[in-house]
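Engineer: Structure incoming, see below.
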Amino acid sequence: MSTSASNTKYIFVTGGVTSSLGKGIISASLAKLLQSRGYSVTIQKLDPYINVDPGTLNPYEHGECYVTNDGAETDLDLGHYERFLGVPTSQANNVTTGKIYQTVITKERRGDYLGKTVQVIPHITDEIKRRIKLLGSRFKYDVVITEIGGTVGDIESLPYIEAVRQLKWELGSTNAIVIHLTLVPFLSASGELKTKPTQHSVKILLENGIQPDVLVLRTEHELTQDIRKKVALFCNVELDAVVQSIDVSTIYEVPLMMQKEKLDIIVLKKLNLKEGTEPDLSKWVEFLEKLKNPKHCVRIALVGKYVELKDSYKSIIESLQHAGAVNDCKVDLTCIHSEKITEQTIESLLGDKEGIIVAPGFGDRGIEGKILSVKFARERQIPFFGICLGMQCAVIEFARNVIGWSDAHSTEMVRTTEHPVIDLMESQKGVTEKGGTMRLGAYPCVIKKGSRAYKAYGITQISERHRHRFEFNNEYLPFFEKAGMQAVGINPDSNLVEIVEIPSHPWFIGVQFHPEYQSTVLNPHPLFVDFVRTVVNRQKKS
Ligand code: GLN
């Protein structure tokens with residue numbers, strides 16, 4: 044059901060009342076429903092901060108940094124988009140205020156606006172509009188859903204809201220609509236749901252010239268018909284365009300909930316698009332059934348240093364959910380702070396775990412706790428999965444405790460170590476700027492037949508996404524292979540070690556890449572699936 048590029052329809056999703064209402068999940072759910080009806084859909088996130096991308100942000104500030112195939116460091120919402128839609132996103136799917144200003148200022152210096160005063164309106168708003176429309180026209184999507192980060196009323200969001208107002212006017216009401224997501228709080232003292240915050244937030248949109256077309260109301264309790272009517276009347280929205288989004292146990296239920304609320308039908312009607320075939324969500328429902336009715340439960344530890352904020356490891360946590368579901372298994376995940384892991388505490392922290400994952404990360408804080416966790420998993424024969432820095436820790440641990448180089452380290456942590464088993468990549472040696480300069484995005488890897496990784500993937504040629512500066516030091520490879528750690532995944536162009544494993548261990552794999560960025564609901568990642576399967580099978584046997 045492809046429409047021509049110029050017929051791309053635009054849906055803007057704004058948020059009101061508070062942040063963290065789940066605009067990303069609502070956008071992804073709507074996209075899923077439209078995709079299931081035969082439309083090609085993509086989702087874009089506009090972030091109103093001045094960083095050019097979130098790559099330079101601490102995970103505590105912003106959660107995980109998600110990496111696309113084309114090497115963009117992006118907002119974690121793009122991870123949700125990919126996990127829901129199963130379609131890769133790209134650079135163009137995440138735009139920040141920093142990117143917008145960078146483009147406009149570069150043009151100004153080049154003389155593109157010669158003679159003119161460069162201003163927020165029209166220059167910044169034009170650049171925002173260009174980025175929104177570019178996505179629809181370049182990739183010929185039927186529908187582009189653009190999520191505006193932040194909350195309406197924020198100073199930073201104003202140029203975005205103005206750009207949306209202009210686009211709505213330029214494209215016409217059947218080509219561009221606005222969905223506004225707000226909160227209807229429940230006051231337990233009076234036992235009432237309150238609509239006033241929603242009314243106020245719509246008022247802010249109206250002050251900025253935008254009449255929302257659809258309202259999605261986040262609530263803890265069912266909304267009565269009276270409440271829906273009240274909101275519809277005071278916010279100038281059709282009654283059937285007031286949609287409830289009630290709290291659910293898993294984000295993966297939201298598409299079905301939105302289907303029940305007919306959000307897709309309302310949107311299609313407003314955009315003058317055919318309803319198409321009834322969405323076939325049977326595979327999705329099957330996943331959800333398995334997720335909600337597990338037959339087994341495995342205790343997995345995720346060792347990292349950003350554990351206080353669950354969003355820091357979003358994609359890993361979601362990948363484990365996907366892998367758990369296919370294995371009919373609940374993954375009981377405990378995030379453990381690596382700084383807390385010492386010789387004294389390790390037994391109490393990891394003693395009852397059936398699988399151990401060491402997370403990606405940067406810098407030396409908590410590094411020894413990670414290395415100890417690897418040792419614990421290796422010696423106790425507990426399935427171990429090391430991701431990026433986690434793989435590097437596995438290599439360091441093996442060098443120290445199996446090969447016997449007690450000072451072995453990564454030069455990221457100790458520059459002068461005599462055994463730099465992990466070292467700065469050649470291509471990184473002259474790099475001084477921090478933003479967007481790591482080895483980023485998808486690279487090919489060839490897997491050795493007969494390896495555990497091969498067993499998991501079932502193929503030899505894979506492509507995985509990266510975000511790192513350091514690498515396995517190939518000079519030492521013969522020592523590792525002789526002592527029992529094999530390099531089983533290699534980049535065919537650079538010879539970089541991508542996967543290491545210990546064949547004598549029940550399941551010990553370290554990967555330099557980030558498999559978690561490619562796991563989706565309908566296509567769970569083979570390494571996560573094999574890891575969880577191994578843990579379940581061991582449990583069954585014991
Ligand atoms: N700090 C390590 C490097 O830059 C690992 C990065 C990561 O875990 N993403 O190579």
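Here the numbering used here = 1-based position in the sequence shown + 43. Every residue, glycine too, gets a C-beta built ideally from N, C-alpha and C.
#1: If you drop the 5 nearest sequence neighbours on each side, which residues of the same chain put their C-beta closer than 8 Å to that of L314?
#2: Given 7 Å as the limit, tell me if F441 has its C-beta closer than that to any heavy atom belonging to the ligand GLN.
#3: Relative to the C-alpha of L565, which candidate in W327, V438, F571, F556 has its C-alpha closest?
#4: Can you tell me which of G484, Y500, Q287, C372 puts its alpha carbon nearest to the alpha carbon of V110?
#5: What did DSSP end up calling C108 once you bin it into helix, strand or coil?
#6: Output yes or no for whether 8 Å exceeds the beta carbon distance between A74 and L128.
#7: For the beta strand (DSSP E) holding P487, just list the boundary residues, first then last.
#8: Using a Cβ-Cβ cut-off of 6 Å (strictly less than) and excluding sequence neighbours within five positions of K273, which residues of its own chain qualify?
#9: Taking its Cβ as the centre, do 16 or more other Cβ atoms sit within 10 Å of Y103, making it buried, or is it exposed?
#10: How long is the line joining the alpha carbons of Y519 and V464, rounded to whole angstroms?
#11: Express the C-alpha separation of P97 and Y356 in angstroms, rounding to a whole number.
#12: CB E170 to CB I143, shorter than 8 Å?
#13: Below 8 Å between beta carbons: does that hold for H223 and G479?
#14: Quick check on T46: does DSSP put it in helix, strand or coil?
#15: Which complete alpha helix (DSSP H) runs does the region 420-462 hold, if anything under 4 residues is left out?
#16: Is R261 near V291, with beta carbons less than 8 Å apart?
#17: Per the DSSP calculation, A71 is bridged to which residue(s)?
#18: So, at 6 Å on beta carbons, what are the nonlocal neighbours of G196 in its own chain, with the 5 sequence-adjacent residues on each side left out?
#19: In chain order, what are the residue ranges of uninterrupted alpha helix (DSSP H) at least 4 long that sit wholly in the region 178-249?
#20: Spell out the partners DSSP gives A530 in its beta bridges.
#21: Quick one: give me the first and last residue of the alpha helix (DSSP H) that S391 is part of.
#22: Checking 8 Å against the spacing of the C-beta atoms, do P6 and S83 come in under that value?
#23: Run the CB neighbour count on Q302, radius 10 Å, all protein chains shown included, and call it buried at 16 or more, exposed below.
#24: Do the region 338-348 and the region 365-382 make contact, defined as three or more Cβ pairs closer than 8 Å?
#25: Looking at the ligand GLN, does it come within less than 7 Å of H105, judged from the CB to the closest heavy atom?
Structural biologist: With the structure as the only source:
#1: These residues qualify, in order along the chain: K52, I54, V186, T217, N218, I220.
#2: Distances from the CB of F441 to the heavy atoms of the ligand GLN are all 7 Å or more.
#3: W327
#4: When G484, Y500, Q287, C372 are compared, the shortest CA-CA separation from V110 is found for G484.
#5: When secondary structure is reduced to three states using DSSP, C108 falls in the coil class, being assigned neither helix nor strand.
#6: yes
#7: First-last of the beta strand (DSSP E) with P487: 482-490.
#8: T238
#9: exposed
#10: Y519 and V464: Cα-Cα distance of roughly 7 Å.
#11: Their backbone Cα atoms lie some 15 Å apart in a straight line.
#12: yes
#13: no
#14: Low per-residue confidence applies at T46: pLDDT is 40, beneath 50, and the placement is therefore not dependable, though the value from the model is reported in the following sentence. Residue state, collapsed to three classes: coil.
#15: 432-441
#16: no
#17: DSSP, once it has assigned bridges, lists no residue as partnering A71.
#18: The residues are I247.
#19: 201-214
#20: In the DSSP output, where bridge partners are listed per residue, A530 has V543.
#21: 389-393
#22: Residue 6 is absent from the model: the chain starts at 44 and stops at 585.
#23: buried
#24: yes
#25: no
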